[in-house]
Amino acid sequence: MPSWNVNDQKVPQERLALVSYTSVVFVVLLLVGFWKLQVVQSGHFADLAERNRVRSIPIIAPRGAMLDREGRVLVDSYPSFSILLLREDMKAIEKSIPQIIDGLGVSRQDLQQTLDAAKNEPKFQPVVIKPAASVADIAFVESHRADIPVLELLMVQRRRYPHGQMLANTIGYVGEVSPQQMDQSDGHYRPGDIVGKAGLERQYNETLEGTDGMRRVVVNSVGKAMRTLDNVEAIPGKPIQLTIDYDLQAIAENDMQDKEGAVVAMDARTGEILAMVSRPTFDPNDFAVRIPSEEWARLNRDKETPLLNRAIQGQLAPGSVFKIVMATAMLDSKAVPESTTVYCPGFANFYGRTFHCWRPQGHGSVDLHKAIVDSCDVFFYTIGKQLGIDRIHDYAAGLGLGHRTGVDLPGEETGIMPSEEWVERVFHHKWYAGETISVSVGQGAVTVTPIQLARMAAAVASAGTLVQPHLFKNLPDVKTAQFPLSENAVEQVTQGLYGVVNEGGGTGYHLRLQNIDLCGKSGTAQLMSYNAANRLGNKKMDGWFVGFAPRRNPEIVVAAIVQNTMEHGGEAAGPVVRDVVKAYYDKKNAGTQQTASVAPPAPPAPVRPIVATVGGASR
Amino acid sequence: MKDRPRTQDFDWALLAIVAAISTIGVLEIYSSTHAAPNMAGLQWKQLTWIGIGVVGMFLISRIDYHTLMDQAPALYMFGLATLLVVLAIGHSRFGARRWVALGGGVNLQVSELMKLIIIIVLARFFAEARTDRLTLTDLVKVAVLTGVPVGLILIQPDLGTAMVLVPVAVVGAFLAGIEWKHLAVGAVLVALMIPIGWNMRRHLKPYQQQRIETFLHPEENPRGAGYQILQSEIAVGSGGFWGKGFGKGSQNQLGFVPVRYSDFILAALAEEQGFIGVCVVLLLYLGLILRLVDNAQKAKDRAGMFVVIGVTAILGFHVLVNASMVIGYMPVTGIPLPLMSYGGSSTAFVFLALGLVMNVRMRRFVN
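So the sequences go chain by chain: U and S.
106 is the number that this note's numbering gives to position 106 of the first sequence; each next residue is one higher, with no gaps.
In this note's numbering, each residue carries its 1-based index in the second sequence increased by 1000.
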């Protein structure tokens, strides 16, 4: 036997026992370790395992379409892809950035900005780096799944406004839900959800938005979907039918091209808005994806406020259109004798101040009818003084001025209809009697919105029935208010308004239409005082025209304003009203036939039965 | 006293434990891989390895361990030579040169062979020392004997297997009678090595650096380097007390657990069989170790004792390091769980090592 094999030593039993004990200790320690994970923290790890395994993929519900009154599409949605950047692995992102910039054509700054903005969001929440992916972008993501694992595609529904700027201020636009909205929604909204931000998109958001679905899939360790756990289909938003008539809208839009102002066309019997234009405007398609911050800033900074819906938010001096209220107040209240005539030398003095008529050479002797037709300022100064501000206020307010019309749009303004009480409440001083003279011709403190004027004119011609203007075709319980007017007042005022368009010398005579009893009233509001305007040579004015037809219980009423124009209201805004009214009748007469074309200027001397015209401008 | 060693003298209790662990292992391999088309049937391959291992175990038990120890120097040189050969011609898998093609598509991980050799070599050394007080010179010799193969395996690089050789020396030295003061000095030296090793870490391979980095901060990069440890912990933790059931662990089935059929098989088991399953398995391993120590105690001579204790040290170390890794107590080192992890070389090694134990045991009554 080799020497090493001589067994002359005992086996060290004690130390072997120590090895056994050590083994026991180690196993106990290991079991404690497993216990900690599997029993103490098992809930936490079960969560993590579930989060590993299950990926929730939202199925975005398409927003409901908006249709015009004949079912033509004004707004719809289409499926599109957003490119997401998964942010769980910043190192992988860093590595892929050059490829992403190159492949998707996004700038490094934008990418960085997006990532910075999401810094405080949970890491598992991806960010959208390219909202409207092109076919090439999608191909890029698909073909680089292996080497750029941080990119992912999300199918979304995107808003489409096929007619661009048409009706834009009324339709509004959509955008990503704001943090405040999310807080208020009780978990209804998630970051990145698209909601209506303005206009009808906002007003009818709940109807339009539908309910997003959710697909929960089991994914394996490389993110491949293995099977679907459950699938909650998206419930598409409901379409809404509007009262808008695409044909009339198109004509109004066309007439307002390159102008500043607004148009409201309404069915005078029902309050259905047939057309609504606000200029300048914007293209809501710019918002449908993601508006670049510079563009958003530009739209908000723009002095011409393209985001404002002037039809309901523009608070403007009504000018001579206000004379409809004055004439109605005079006749209905009987506070001023019906037979009143005033001599107009082109100006008049009240309370030690000179007030000018728009026609420097004056109108001579003027009764109410002539005052309406020629829009004589001096006549209305005179009766305004006799009526007093509170009576004027009562009639104006009764006819809806200074109050919201209740149109189904967010952000409608009230305008201002001053009274003694109002001036004391707001300015804490007594009413200056001289103010009444200015208010009598729609200047001074009085401001209105175009939609108020349209409804006021319709109400007068309908003997005091005020309808609630609305855009939703089947709006339940449309409110009507009554401000009863005497038959005499209605008859005489509407005759005057008929004369404006249909009597030679009327301020709207050039607007007369064959076979259509177009009535109306022009108005020209100065933007600064008479003296200042003369001094600065700024002759720019706001030109109004409010027209309706037929004369009594009209079907259609149109209010138009062209702002910052050198023309008087009859010339600036009148043709818009005429074109829309004509189109309305052309269409009506042609049955359901499509687009009525705009009539050429009316032939010189039609003089139809019952044609009254009043035109005028306060200066 | 009998004259001939007999197979009837095998440690059947020990083999029962081994059979139990192997069965659990094969079942868990099946559970982990049956759903993956490219790995289906892996359990049959593992069974084949076990079969080969069992045959090897019987064969090696026939050769008297004294005979084997006589050949220790030759075996040692042979082992070192194969390690050098693998460095020269071996091919890489997973970024390390550990494999030698044996033909027929079978690749042998030669460092497994070195484990067997080092057990025999060190057993002989300690038996020859014939003292219960190892001198410092002895310790240096042990260190060199162990250090050379460790070094060769390290440069493959295979930190895990290299480390596995160390406990054979440490436990052997302990039993051979290391002085407490030397043990204390050694402990201090190891403690000192940690900061030095830390500063040397940039000389490690990038994947090793990353593993250490990952071990220290697993949450920092859940999709990247910390992924393996975190996913393993999630698997273990989400298994809970009772487990998710056979074939029902999502971490396991969906591939979140890294190499779930091999190094991380304990995580897969912990997920599907819960804490209860882990208890059973770890207690089986404890039984295995205690049974091995018992065999060491009953060895006829010190040589036999050192052979058995060498096997015990290696297997115990494997279990300890592997289980610790699965629950995030140790970095990922690529040390398989003996008898459960899928793998030909490692399974064969375990059975050959057990063959040595049987070898010693069946000769305890033989003169």
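Built from N, CA and C at the ideal position, the CB exists for glycine as well.
{"Asked": "Continuous alpha helix (DSSP H) assignments of at least 4 residues falling wholly in the segment 358-419 of chain U", "Found": "368-374, 377-387, 389-398"}
{"Asked": "Helix, strand or coil at U/Ile-59 according to DSSP, with G and I counted as helix", "Found": "strand"}
{"Asked": "Boundaries of the alpha helix (DSSP H) in which S/Phe-1365 is found, first to last residue", "Found": "Run containing S/Phe-1365: none; DSSP gives neither H nor E here."}
{"Asked": "Element boundaries [beta strand (DSSP E), containing U/Ser-178]", "Found": "Run containing U/Ser-178: none; DSSP gives neither H nor E here."}
{"Asked": "Residue nearest to U/Leu-401 in terms of C-alpha spacing, selected from U/Trp-35, U/Ile-312, U/Ser-333", "Found": "U/Ile-312"}
{"Asked": "Nearest residue (CA-CA) to U/Asn-285, options U/Pro-162, U/Lys-588, U/Val-141", "Found": "U/Pro-162"}
{"Asked": "Under 7 Å by beta carbon: chain S residues contacting U/His-144", "Found": "Under the 7 Å cutoff, chain S gives no residues; its nearest Cβ is about 17 Å from U/His-144."}
{"Asked": "Counted within 10 angstroms of its Cβ, other Cβ atoms place U/Tyr-21 as buried (16 or more) or exposed", "Found": "exposed"}
{"Asked": "Cross-chain neighbours of U/Phe-287 in chain S, by beta carbon under 9 Å", "Found": "Simply none; closest approach about 35 Å."}
{"Asked": "Simplified DSSP state of S/Gln-1397, which is helix, strand or coil", "Found": "Here chain S covers residues 1001 to 1367 and nothing more, so residue 1397 of chain S does not appear."}
{"Asked": "Secondary structure of U/Val-28, DSSP reduced to three states", "Found": "helix"}
{"Asked": "Beta carbon proximity, U/Ser-42 to chain S, threshold 8 Å", "Found": "yes"}
{"Asked": "Members of the segment 472-487 of chain U that neighbour chain S once the beta carbon cut-off is set at 8 Å", "Found": "none"}
{"Asked": "Local Cβ density within 10 Å of S/Leu-1189, reported as buried at 16 or more and exposed below that", "Found": "exposed"}
{"Asked": "Contact test: S/Ile-1052 Cβ vs the ligand NAP heavy atom, cutoff 7 Å", "Found": "Looking at this structure, you won't find the ligand NAP or any other ligand, since it has none at all."}
{"Asked": "3-residue-minimum beta strand (DSSP E) runs that sit fully inside the segment 489-566 of chain U, ordered along the chain", "Found": "519-526, 541-549, 556-565"}
{"Asked": "For U/Glu-304, three-class secondary structure by DSSP", "Found": "coil"}
{"Asked": "Proximal chain U residues relative to S/Ala-1323, where beta-carbon distance stays under 7 Å", "Found": "Leu-30"}
{"Asked": "Test item: CB-CB of U/Thr-382 and U/Val-407 under 8 Å", "Found": "no"}
{"Asked": "U/Asp-374 and U/His-356 closer than 8 Å at C-beta", "Found": "no"}
{"Asked": "Simplified DSSP assignment, three categories, for U/Asp-76", "Found": "strand"}
{"Asked": "Cβ-based burial, U/Asp-579 [other Cβ within 10 Å; buried from 16]", "Found": "buried"}
{"Asked": "Proximity test, Cβ basis, 8 Å: S/Tyr-1329 and chain U", "Found": "yes"}
{"Asked": "Minimum C-alpha distance to U/Asp-258 - residue among U/Val-321, U/Glu-304, U/Ala-454, U/Gly-237", "Found": "U/Glu-304"}
{"Asked": "8 Å contact criterion, which U/Lys-540 and U/Thr-565 should meet: CB distance rounded", "Found": "7 Å"}
{"Asked": "Own chain partners of S/Val-1054 with C-beta closer than 8 Å, once the 5 adjacent residues on each side are dropped", "Found": "Phe-1351"}
{"Asked": "Interface flag, S/Val-1121 vs chain U, CB-CB below 8 Å", "Found": "no"}
{"Asked": "Where S/Gln-1008 falls: helix, strand or coil (DSSP)", "Found": "helix"}
{"Asked": "Start-to-end residues for the alpha helix (DSSP H) that takes in U/Tyr-343", "Found": "No alpha helix (DSSP H) holds U/Tyr-343; the beta strand (DSSP E) holding it covers 342-344."}
{"Asked": "Chain S contact for U/Leu-37 (CB, 8 Å cutoff)", "Found": "yes"}
{"Asked": "Contact list for S/Ser-1345 against chain U, beta-carbon separation under 9 Å", "Found": "Within 9 Å Cβ-Cβ: nothing; S/Ser-1345 doesn't reach chain U, min ~25 Å."}
{"Asked": "Chain S residues whose Cβ lies nearer than 7 Å to that of U/Leu-16", "Found": "Leu-1175, Val-1293, Ala-1296, Gln-1297"}
{"Asked": "Reduced DSSP secondary structure (H/G/I, E/B, other) of U/Asn-349", "Found": "strand"}
{"Asked": "Contacts that U/Ser-23 makes with chain S (C-beta to C-beta distance below 8 Å)", "Found": "Leu-1286, Ile-1289, Leu-1290, Val-1293, Gly-1316"}
{"Asked": "Where the alpha helix (DSSP H) through U/Gln-452 begins and ends", "Found": "450-461"}
{"Asked": "Proximity below 8 Å, CB of U/Thr-449 to CB of U/Gln-249", "Found": "no"}
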